[in-house]
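Student:
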Ligand code: 3H9
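Numbering (the numbering used here), first residue to last: -14 to 677.
(1) So who's on the other strand from residue 453, going by DSSP bridges?
(2) Straight-line CA distance for residue 83 to residue 48?
(3) Drop a sphere of 10 angstroms on the beta-carbon of residue 171, count the other beta-carbons inside from all chains shown, and report buried for 16 or more, exposed for fewer.
(4) What is the DSSP secondary structure of residue 0, counted as helix, strand or coil?
(5) If you compare alpha carbons, which of 652, 593, 668 is closest to residue 658?
(6) Let's test the definition: count the other Cβ atoms within 10 Å of the Cβ of residue 46 and tell me whether it reaches 16, buried, or not, exposed.
(7) Do residue 81 and residue 64 have their beta-carbon atoms positioned less than 8 Å apart in this structure?
(8) Using a threshold of 8 Å, state whether the C-beta atoms of residue 94 and residue 139 are closer than that.
(9) Measuring from the CB of residue 49, is there a heavy atom of the ligand 3H9 at a distance below 7 Å?
(10) Could you tell me the alpha carbon to alpha carbon distance between residue -9 and residue 71, rounded to whole angstroms?
(11) Residue 308 CB to nearest chain C CB: under 8 Å?
(12) Out of curiosity, what's the CA-to-CA distance linking residue 391 and residue 348?
(13) For residue 269, report the span of its beta strand (DSSP E) as first-last.
(14) Taking the alpha-carbon of residue 635 as reference, which of 131, 670, 620 has the nearest alpha-carbon?
(15) Starting from residue 542, follow its DSSP beta bridges and name the residues at the other end.
(16) Is the Cβ-Cβ distance between residue 473 and residue 590 less than 8 Å?
(17) In the DSSP assignment, the alpha helix (DSSP H) including residue 14 goes from what residue to what residue?
(18) Compare the beta carbon distance of residue 603 and residue 456 with 8 Å and say whether it is the shorter of the two.
(19) Return the CA-CA distance between residue 307 and residue 282, expressed in angstroms with no decimal places.
(20) I'd like the list of long-range same chain contacts for residue 441, defined as Cβ closer than 6 Å, with 5 residues on each side in sequence excluded.
(21) Within the same chain, show all residues whose beta-carbon is closer than 7 Å to that of residue 185, passing over the 5 residues directly before and after it, in chain order.
(22) Looking only at DSSP bridge pairs, what is residue 413 linked to?
(23) Are residue 250 and residue 116 touching if we call contact CB-CB under 8 Å?
(24) Are the beta-carbon atoms belonging to residue 69 and residue 24 less than 8 Å from one another?
(25) Curious, which full-length alpha helix (DSSP H) runs of at least 4 residues does the stretch 102 to 129 contain?
(26) Within the continuous beta strand (DSSP E) that includes residue 237, where are the two ends?
(27) Alpha carbon to alpha carbon, how far is residue 547 from residue 278?
(28) Please indicate yes or no: does the CB of residue 623 lie closer than 7 Å to some heavy atom of the ligand 3H9?
(29) Can you find a heavy atom of the ligand 3H9 that lies under 7 Å from the Cβ of residue 45?
(30) Below 8 Å on the Cβ atoms is my guess for residue 11 versus residue 76; work out the distance and round it to an integer in Å.
(31) Quick check on this structure: which residue in 246, 221, 536, 287 has the alpha carbon closest to the alpha carbon of residue 234?
(32) May I ask you to report which of helix, strand or coil DSSP gives residue 349?
(33) What runs of the alpha helix (DSSP H), each 4 residues or longer, lie entirely inside the stretch 438 to 521?
(34) Measuring alpha carbon to alpha carbon, tell me which residue in 106, 157, 152 is nearest residue 142.
(35) With three or more beta-carbon pairs closer than 8 Å as the criterion, would you say the stretch 430 to 444 touches the stretch 409 to 416?
(36) Looking only at its chain, what residues have a beta carbon closer than 8 Å to the beta carbon of residue 157, apart from the 5 residues adjacent to it on each side?
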């Protein structure tokens, strides 16, 4: 009931209205009702001079309650609560700690004054959920700080630290010491002054340099990958320049509802909850404590080792990067430093931050350095014999309790663990390249991996800015295994007549960051070539390209051509001719492809493979697969991930198409798996199957 979620207490003649709705004080119905009732009561009480709005627990209101979206609205709405607060004749002060986000910041903007602790952050992250701030935020923030300055927080949605928010004028004061005490003091002072209360809705947006506004909007939207919400956010801010508050908020509300009910926001909200769900791992209960990790050792100073080292060094964790080859070590350290300085030049990090990160890195060419580490992450070349040898040595040298992690992308973690005397300490930590940038981390749970080792790997991953998803052991785990299923269609389609740019185009049009062939060019074709050579697999076109010394961007040529210093793929007639030649040699008849066929033959086998990982328990849930694809493979967030997308398309359609492609190409591996067929027969979805 409302009384339980919001309480009022008096501090002198100031009413402190305090919400307590764990974990993040989301503004659900009970909280809104509690705020409305208590603020109304305080406003009417002659014994109250001023009001403070505060929250218990770890944060000020972190936004509207997203789980209520799509359900019938319950009065009072957030807008009514905010209007009530702003209209109050007594000063109302918001006391902000933690994260005042979305509806939480909008509520604070309805207050007459805002005070925050130095560690607090404020922001309007609705755009990340495919929405716009729908409780007056798009109209109040521009009136408070100017339309140009308001664009980035609304169109990008990143949180703003309190000191910066104070500089921008979003908050009035940053308070050291007890927050509520400081807010009460401010409230008392404002009540004593008795001056007119600042009500943002009654202010005019400061004069705007429209050229600067459009330039800033253009800059921000150029990175929005065609999503609807960012452009709509920019439009609402523009409205704050040209419209009255009443008209601007009416527009804001209408556009908010449109976005909320549209497919992109639904997909993005799915992604939000999927990411949080991925934290919940069977056997890793709340009482499982992670092992302390004060130093990480990374084995191997190549591209992956360097990227992994940077992730943790940037997060303040001391890292020893070890490579037995001193030249490789020096080269690796050089690349790390160069990467950091490039980021600094682009404004991503300050000089002090780069210096601090570099100071966290110790380079060593002595294997014995692993003895000091609480966690070792092996990032050497993908070869089972080599990894087994290293894990034997690690077993001999590492201290008891040290977490032994392998950054393998395909290999059997149980086989690696079996060479040690402590398989319970062994876990897979599969990073994605470039590891200092990509957020996905597949944590591979071996048969014997101890729950606290799993928890440690997840926790350390999060500290390093990663999104960990726990998967089971199998070739390629979840992400790469699905990618292989997609990849298996590429050579046949090329031989049958689809061009590299048609193949890539089918996926980039869908919103993928990159097509598979451009992506291989970026990653380098040589790695896959070497793995194929070892396993004896053949990919006639790909192999022929590698045998010409075309390894992708690094050699200026791969599936495409690259001009000096450019990463833009240019179709190469030489490759078209090569494909035609191989097709002829293999006796493949060539034909025209429709974009739909290319797309379906790439996407549906991938979804089918994802379903197989669910059948086998390698992936815990369909939503975990979505997180893997959203954060590791550039899947468009507005499509929610491959399994969410499958639910929108329907399992029956996917099964019908997979059977069709299996028939026409004679490829039995394209047949839908039992789970896909079951969902199709029951007209069910992955989401419904999980809920059942
Ligand atoms: C909005 O405000 C619209 C308005 O403009 C207009 C309205 C008319 N609702 O992330 P965590 C749950 S849109 C419901 O693990 P952290 C979350 O699912 C909203 N639930 O914690 C999780 O549940 P569980 C704008 C929410 O400390 C638990 O809380 N606001 C909400 O790592 C803990 O979350 C945002 O977009 C919510 N709003 O990070 C902010 N938020 O334990 C969204 C969280 O069952 N939230 N939950 O898995 C966040 O960014 C992070 O949760 C936050 C805390 C930074 C606050």
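Ideal placement from N, C-alpha and C gives every residue a C-beta, glycine not left out. Since this is a predicted model, take the numbers as computed values, not measurements.
Tutor: Answer, in terms of the structure:
(1) For the purposes of this step, residue 453 is taken as residue 468 along the chain shown, with counting starting at 1. Residue pairing by DSSP puts residue 453 in a beta bridge opposite 426.
(2) Reading the chain shown from its first residue, position 98 is the one you call residue 83. Reading the chain shown from its first residue, position 63 is the one you call residue 48. Separation of residue 83 and residue 48 (C-alpha to C-alpha, rounded to the nearest whole angstrom) is 12 Å.
(3) As a working mapping, residue 171 is identified with position 186 in the chain shown. Classification for residue 171: buried.
(4) Position 15 of the chain shown holds residue 0. Note: residue 0 maps to strand in three-state DSSP.
(5) As a working note, residue 658 is residue 673 in the chain shown. Nearest of 652, 593, 668 to residue 658, Cα basis: 593.
(6) Within the chain shown, the letter at position 61 stands for residue 46. It counts as buried.
(7) Locating residue 64 in the chain shown gives position 79, where the first residue counts as 1. Locating residue 81 in the chain shown gives position 96, where the first residue counts as 1. No, the Cβ-Cβ distance between residue 64 and residue 81 is not below 8 Å.
(8) Taking the first residue of the chain shown as position 1, residue 94 is located at position 109. Taking the first residue of the chain shown as position 1, residue 139 is located at position 154. Cβ distance not < 8 Å, so residue 94 and residue 139 don't count as in contact.
(9) Locating residue 49 in the chain shown gives position 64, counting from the first residue. Correct: residue 49 has its Cβ closer than 7 Å to the ligand 3H9.
(10) The residue given as residue -9 occupies position 6 in the chain shown. The residue given as residue 71 occupies position 86 in the chain shown. So the alpha carbons of these two residues sit roughly 19 Å apart.
(11) Included in the structure is just one protein chain, with no chain C present.
(12) Mapped onto the chain shown, residue 391 falls at position 406. Mapped onto the chain shown, residue 348 falls at position 363. Near 19 Å, if we compare the C-alpha coordinates of residue 348 and residue 391.
(13) Sequence index remark: in the chain shown, residue 269 carries index 284 (1-based). Per DSSP, residue 269 lies in no beta strand (DSSP E) segment and is marked neither H nor E.
(14) In the chain shown, the residue the question calls residue 635 occupies position 650. Taking only the C-alpha atoms, the option nearest residue 635 is 670.
(15) Here residue 542 corresponds to residue number 557 of the chain shown, with the count starting at 1. 537, 546.
(16) Locating residue 473 in the chain shown gives position 488, where the first residue counts as 1. Locating residue 590 in the chain shown gives position 605, where the first residue counts as 1. Yes, they are a contact pair.
(17) For this step, residue 14 is matched to residue 29 along the chain shown. Here the alpha helix (DSSP H) through residue 14 covers 14 to 29.
(18) Mapped onto the chain shown, residue 603 falls at position 618. Mapped onto the chain shown, residue 456 falls at position 471. Contact: yes.
(19) Position 322 of the chain shown, counting from 1, holds the residue named residue 307. Position 297 of the chain shown, counting from 1, holds the residue named residue 282. Here the alpha carbons of residue 282 and residue 307 stand approximately 7 Å from one another.
(20) By 1-based counting over the chain shown, the position of residue 441 is 456. So the qualifying residues of the chain are 275, 276, 388.
(21) Translated into the one-based positions of the chain shown, residue 185 becomes position 200. Counting only Cβ-Cβ distances below 7 Å, and skipping sequence neighbours, we find 94, 125, 128, 129.
(22) Residue mapping note: residue 413 aligns to position 428 of the chain shown, counting from 1. Beta-bridge pairing links residue 413 to 391, 429.
(23) For the purposes of this step, residue 250 is taken as the residue at position 265 of the chain shown. For the purposes of this step, residue 116 is taken as the residue at position 131 of the chain shown. Yes, they are a contact pair.
(24) Position 84 of the chain shown, counted from the start, is the residue given in the question as residue 69. Position 39 of the chain shown, counted from the start, is the residue given in the question as residue 24. Yes.
(25) none
(26) Taking the first residue of the chain shown as position 1, residue 237 is located at position 252. Unbroken run through residue 237 is the alpha helix (DSSP H), 230 to 245; no beta strand (DSSP E).
(27) If you number the chain shown from 1, residue 547 lands on position 562. If you number the chain shown from 1, residue 278 lands on position 293. Distance between the alpha carbons of residue 547 and residue 278 is about 43 Å.
(28) Numbered from 1 along the chain shown, position 638 holds the residue referred to as residue 623. No - the ligand 3H9 has no heavy atom lying nearer than 7 Å to the Cβ of residue 623.
(29) If you number the chain shown from 1, residue 45 lands on position 60. Residue 45: no, Cβ never under 7 Å from the ligand 3H9.
(30) What you label residue 11 is simply residue 26 of the chain shown in a count that begins at 1. What you label residue 76 is simply residue 91 of the chain shown in a count that begins at 1. That belief does not hold up - the Cβ atoms of residue 11 and residue 76 are roughly 26 Å apart, past 8 Å.
(31) Within the chain shown, residue 234 is the residue found at index 249, counting from 1. Checked all of 246, 221, 536, 287; the closest Cα to residue 234 is 221.
(32) Taking the chain shown and counting its residues from 1, the one referred to as residue 349 is at position 364. DSSP places residue 349 in strand when its eight states are reduced to three.
(33) 464 to 472, 475 to 481, 485 to 495, 501 to 508, 510 to 520
(34) In the chain shown, the residue the question calls residue 142 occupies position 157. Considering only alpha carbons, the answer is 106.
(35) These segments touch.
(36) Looking up residue 157 in the chain shown gives position 172. Excluding sequence neighbours, residue 157 sits near 98, 99, 100, 151, 171.
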